[in-house]
Amino acid sequence: MELTLLLLSLAPLILLLVISIFALKDPSPIAKNLPPGSLGWPIFGETLEFLFGKPEKILGEKTVVLCGPDGHKYLFSNEQKIFTSFLPHSMQKLFLSYQAAAPIEISREAESKIIRSPGFLKPEALVRYLGKMDSITRKQMQAYWEGKDEVKAFPLAKTLTLSLACRFFLGSDDPERIARLVSNFDDVTLGMHSIPLSFPGTTFYRANKAAAAICD
């Protein structure tokens, strides 16, 4: 009995030690030209310090934070030159993509052309949708906004956006289906910025279930 209790008490310490060893082990033998700074605690990195300092590792990913107009200008003016798009592990798993970056670089101009290429997104096509969009918006405002002492604008705006998307992309006006989509999208959004540990009770586990429900 005493031996069992001792082993149970040591199990979390052994597990933490094993996780730390794997987390600190660099899979690439080639030295990387990374900015100076500590990567913080194993697994968690400097996620907690993000609120109070300048972290270099968040949710298991090496991170550099650029703030202010100069930082943003430097970032976006060097896109596809010294910066490329990157997806954290949580997003890769949720969206069933195991590539951190796209294998083919696409410029902003080409990306915009791809987005605008479908006929239903052209200006002359969008004009035909304005009447229905206005009708759905008015119904949402009357049902959830008018006569209310307090309005929570953010969740209602999400509901309106998904209502429009369901109507024009899925051809559905079912309020129950829209409510389920809103709930599932909320879970997926939270899971995109969480540690990708998928077991019951975690944010990422709920996000995985929500993503599967959306696909179904």
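Under my numbering, the first residue of the sequence shown is numbered 2, with each subsequent residue one higher.
Built from N, CA and C at the ideal position, the CB exists for glycine as well.
These figures come from a predicted structure and were not determined experimentally.
Where residue i sits in the DSSP three-state scheme
i: PHE84; result: strand
i: LYS153; result: coil
i: PRO30; result: Summary for PRO30: the model assigns pLDDT 46, below 50, so the residue's position carries little reliability; its value from the coordinates is reported in the next sentence. Reduced to three states, the DSSP call for PRO30 is coil.
i: PRO197; result: coil
Residue burial classification, residue i (beta-carbon count within 10 angstroms, cutoff 16)
i: ILE215; result: exposed
i: MET193; result: buried
i: THR64; result: buried
i: SER91; result: buried
i: ALA126; result: exposed
i: ARG207; result: buried
i: ASN185; result: buried
i: ASN79; result: exposed
i: ILE83; result: exposed
i: LEU15; result: The sequence shown places Ile at residue 15, rather than the Leu named in the question. Result: exposed.
i: LEU97; result: exposed
Residue i beta carbon near the ligand COA (any heavy atom closer than 6 Å)
i: GLY69; result: Because no ligand of any kind appears in the structure shown, any question about the ligand COA cannot be addressed here.
Integer-rounded CB distance, given that residue j should sit under 8 Å from residue i
i: THR204; j: LEU191; result: 5 Å
i: SER164; j: ILE137; result: 6 Å
i: VAL189; j: ALA212; result: 5 Å
i: GLN143; j: LEU161; result: Rounded, the Cβ-Cβ distance is 12 Å, inconsistent with contact.
Reference residue i; option with closest CA among the options
i: ALA1; options: TRP146, ASP150, PHE200 and PRO124; result: One cannot answer for residue 1 here, as it falls past the ends of the chain, which runs 2 to 217.
i: PHE170; options: MET134, LEU198, ASP187 and GLU151; result: MET134
i: PRO156; options: ASP187, GLY72 and PRO124; result: ASP187
i: LEU198; options: LEU95, LYS74 and TYR130; result: LEU95
i: LEU88; options: ASP217, SER195, PHE200 and LYS210; result: SER195
i: ARG168; options: THR85, VAL152 and TYR130; result: TYR130
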